[in-house]
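Participant: In our numbering, the protein residues as written are 16 to 73. Just dropping this structure here.
See below:
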């Protein structure tokens, strides 16, 4: 599972980390790697770890 991998900040107030200025590159890179591996976020989660009302999207 991924949690808070990147953030958003205006260039004039961004101090660090530098990769925050590349938010969409980071997110698109993660998505591309998951597709390359034929994986999806949460695919190995056990039933007790996700809400039943979200099971239809898993």
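In this text, a Cβ means the ideal position worked out from N, Cα and C, and glycines have one as well. A quick note: this is a predicted structure, and the numbers were derived from the prediction, not measured.
Kindly indicate if chain D contains any beta-carbon less than 7 angstroms away from that of residue 40.
Facilitator: No chain D appears in this structure, which consists of one protein chain only.
Participant: Nearest-angstrom Cα distance between residue 25 and residue 45?
Facilitator: 22 angstroms
Participant: Would you report the Cα separation of residue 49 and residue 29, rounded to the nearest angstrom?
Facilitator: Across the structure, residue 49 and residue 29 are spaced so that their CA atoms are roughly 28 angstroms apart.
Participant: Give the single residue among 59, 22 and 56 whose Cα lies nearest to the Cα of residue 37.
Facilitator: Nearest Cα to residue 37 within the set 59, 22 and 56: 22.
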